[in-house]
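So the sequence shown is residues 68 to 476, counted in my numbering.
We treat Cβ as the ideally placed atom computed from N, Cα and C, and that holds for glycine.
All remarks here apply to the structure that follows.
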Amino acid sequence: MQPPKLGRRTFLKGNTLSVASDNPRYTGRYFLILNNESKEVMEAIRRLEKKWKLSVATTADFISDPPDESRLKDADALVFNDLGVALVDVDEEKAEQIKLSGTGFLVVPEKVVYIPDKVAVDEDSNRGATWGIEVTGVLDSPYTGAGVKMAVLDTGFDTTHPDFEGRTITTASFAPDETIEDFHGHGTHCTGIACGLADAQGDRYGVASAAHIYAGKVLSSRLGSGAQSWILNGMAWAARNGCKVLSMSLGSPVSEGEGYDIAYERAARFARSKGTLTVAAAGNDSQRSKQRFEPVASPADCPSILAVGAIDSELQIGNFSNRAINPSGLVDIVAPGVDIHSSWPMPRRYRTLSGTSMATPFVAGIAALLFEKYPDATPAVIESELRKIARSLPLPAEDVGEGLTMAPK
């Protein structure tokens, strides 16, 4: 299997995020999606091998050791057994032939996934940014996420970070030829918000401070981007390992009128069937000060994924935060996402960022607190509780959904 074509999103000095002009939307590979999900997987494998002469691997071959693409070099296709989806490395002509062959496959291009664009970076990193912990009521909650497994899929995690010494951390990398170590920073920052505790000065910045952390690298920490199949592998890994909450501060932009991604929706439904609630960033593509509003990004626009927007310390919607424009792409809830202080790979240790990337782990962390309070609850029950206890805001529902996420008491 050929490596995917990826773009680059990396933090630079001067409070900017690089956005290469040639950042691709698609990897050059394709997903084949079955009409009946996993019910026809074996027949699909047979057709791929016999009719299309493809060498096929399946995720069932890697149950005890999740696949990364460095181990799939001799395969032309990877079948996701639980999702009824196959990733195929074929050219556009062959993809079109498969599409027109009447074999029952829906053929769609594999997306390139990025950390959300236009994330503001405060080089001064002042600790006053812990306002998010206060406004969401985390300090007043008796819950810490104890006993709850929480997955953060991102650019990895700095396992040497002193703020996480003694914590239970399970890791996996789905980025080929990369370890879990985070040389980008975005993943360590998001993990800190979701699962951290306090900084070296004792200021609280994390929500579910006693949760069992599952850190999955699904975006290259060299590039800040990854292939959609890496995210699907990470979602399945989190669900199979019993994670109650799955946080994804990543995405791909969508156009007005574009529907949700079926492969992501199937992965989210599979996760729900295993007891996992999936939370994702609504995206940072808007420029509200210029009256530019963009739709909720993928995969947050999926019906089975909770989409999170961002507000500032004045409880106003973030200038960059996307809006519910497409029928399936609703903003479900909002959380602090402007000037958010959290962990950063050593030796810097801390940084302050803005984006729906930062808002998402607040909601994920609070979901972990709710799972601690209601240990036998289903994802649907926890989602309902998140909505019920959210603080109503005097802002349009298409921007803030149910309102500001709040910690349980």
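First through last residue of the alpha helix (DSSP H) which encompasses residue i
{"i": "F438", "result": "423 to 440"}
{"i": "A305", "result": "295 to 307"}
{"i": "L453", "result": "446 to 456"}
{"i": "I200", "result": "198 to 202"}
{"i": "A464", "result": "464 to 467"}
{"i": "A338", "result": "329 to 340"}
{"i": "A162", "result": "159 to 166"}
Contact belief for residue i with residue j at Cβ below 8 Å, rounded distance in angstroms
{"i": "A142", "j": "V219", "result": "Their Cβ separation, rounded to whole angstroms, is 28 Å, which puts A142 and V219 out of contact at 8 Å."}
{"i": "V274", "j": "V205", "result": "5 Å"}
{"i": "P475", "j": "I456", "result": "6 Å"}
{"i": "S240", "j": "C262", "result": "Not a contact, Cβ separation roughly 18 Å."}
{"i": "G324", "j": "N393", "result": "7 Å"}
{"i": "V448", "j": "V346", "result": "About 15 Å; that fails the 8 Å criterion."}
{"i": "T197", "j": "D270", "result": "5 Å"}
{"i": "T423", "j": "S388", "result": "6 Å"}
{"i": "L154", "j": "R113", "result": "With 8 Å as the limit, L154 and R113 do not qualify as a contact, their Cβ atoms being about 17 Å apart."}
{"i": "D249", "j": "F224", "result": "5 Å"}
{"i": "R355", "j": "N386", "result": "5 Å"}
{"i": "A348", "j": "A335", "result": "With 8 Å as the limit, A348 and A335 do not qualify as a contact, their Cβ atoms being about 14 Å apart."}
Span separating the alpha-carbon of residue i from that of residue j
{"i": "P446", "j": "A434", "result": "9 Å"}
{"i": "D406", "j": "L420", "result": "5 Å"}
{"i": "Q69", "j": "K140", "result": "7 Å"}
{"i": "V375", "j": "K284", "result": "21 Å"}
{"i": "M425", "j": "T126", "result": "31 Å"}
{"i": "E110", "j": "E116", "result": "10 Å"}
{"i": "E177", "j": "T472", "result": "32 Å"}
{"i": "G468", "j": "I378", "result": "12 Å"}
{"i": "T481", "j": "R339", "result": "In this structure the chain extends from 68 to 476, so residue 481 is not present and cannot be described."}
{"i": "A162", "j": "L145", "result": "15 Å"}
{"i": "R138", "j": "M413", "result": "30 Å"}
{"i": "C257", "j": "T222", "result": "10 Å"}
{"i": "R234", "j": "G74", "result": "33 Å"}
{"i": "Q268", "j": "G432", "result": "22 Å"}
{"i": "L264", "j": "R307", "result": "27 Å"}
{"i": "P71", "j": "A444", "result": "39 Å"}
{"i": "A305", "j": "H228", "result": "22 Å"}
{"i": "S168", "j": "V202", "result": "56 Å"}
{"i": "I165", "j": "F438", "result": "44 Å"}
{"i": "P461", "j": "E245", "result": "45 Å"}
{"i": "N300", "j": "I400", "result": "26 Å"}
{"i": "L290", "j": "V123", "result": "28 Å"}
{"i": "W411", "j": "G171", "result": "46 Å"}
{"i": "G470", "j": "P209", "result": "22 Å"}
{"i": "V321", "j": "H279", "result": "33 Å"}
{"i": "S409", "j": "S353", "result": "24 Å"}
{"i": "I260", "j": "P91", "result": "29 Å"}
Boundaries (first-last residue) of the beta strand (DSSP E) holding residue i
{"i": "L382", "result": "Element bounds for L382: n/a, residue is neither H nor E."}
{"i": "V179", "result": "172 to 181"}
{"i": "Y93", "result": "93 to 101"}
{"i": "G283", "result": "279 to 284"}
{"i": "S208", "result": "Here S208 belongs to no beta strand (DSSP E), and DSSP marks it neither H nor E."}
{"i": "Y417", "result": "417 to 420"}
{"i": "H256", "result": "From DSSP, H256 is part of no beta strand (DSSP E) but of the alpha helix (DSSP H) over 253 to 262."}
{"i": "V219", "result": "216 to 221"}
{"i": "A402", "result": "400 to 403"}
{"i": "V321", "result": "Element bounds for V321: n/a, residue is neither H nor E."}
{"i": "V274", "result": "No beta strand (DSSP E) holds V274; DSSP gives it neither H nor E."}
{"i": "T238", "result": "236 to 240"}
{"i": "H228", "result": "H228 -> no beta strand (DSSP E), and no H or E assigned at all."}
{"i": "L313", "result": "312 to 315"}
{"i": "I407", "result": "407 to 410"}
Selection from the options that minimises the alpha carbon distance to residue i
{"i": "A330", "options": "D225, A303, E245, S322", "result": "A303"}
{"i": "T94", "options": "L145, E201, D156", "result": "D156"}
{"i": "D266", "options": "I200, S122, D466", "result": "I200"}
{"i": "V180", "options": "Y272, S380, M315", "result": "M315"}
{"i": "S459", "options": "A391, Q383, Y272, K118", "result": "Q383"}
{"i": "L373", "options": "V312, R418, F172", "result": "V312"}
{"i": "C369", "options": "G404, G385, E332", "result": "E332"}
{"i": "P403", "options": "E381, R418, R390, K440", "result": "E381"}
{"i": "R415", "options": "E452, I260, H251", "result": "H251"}
{"i": "D158", "options": "P442, A294, F98", "result": "F98"}
{"i": "E450", "options": "S365, S371, D466", "result": "S371"}
{"i": "S292", "options": "I182, G214, A348", "result": "I182"}
{"i": "E465", "options": "H408, P362, P366, Y441", "result": "P362"}
{"i": "G326", "options": "G396, S409, A348", "result": "G396"}
{"i": "V174", "options": "E452, C310, R92, N102", "result": "N102"}
{"i": "C30", "options": "A213, I100, R454", "result": "As shown, the chain starts at 68 and ends at 476. That puts residue 30 outside it, with no answer to give."}
Closer than 7 Å: residue i CB and nearest the ligand NAP heavy atom
{"i": "W119", "result": "Because no ligand of any kind appears in the structure shown, any question about the ligand NAP cannot be addressed here."}
Checklist entry - Taking only runs of the beta strand (DSSP E) that begin and end inside the region 117 to 156, which ones reach a length of at least 3 residues, in chain order? => result 123 to 125, 144 to 147, 152 to 155, all fully within the region 117 to 156.
Checklist entry - Along the chain, which unbroken stretches of the beta strand (DSSP E) at least 3 residues long are found entirely within the region 338 to 370? => result DSSP runs (the beta strand (DSSP E)) wholly in the region 338 to 370: 344 to 348.
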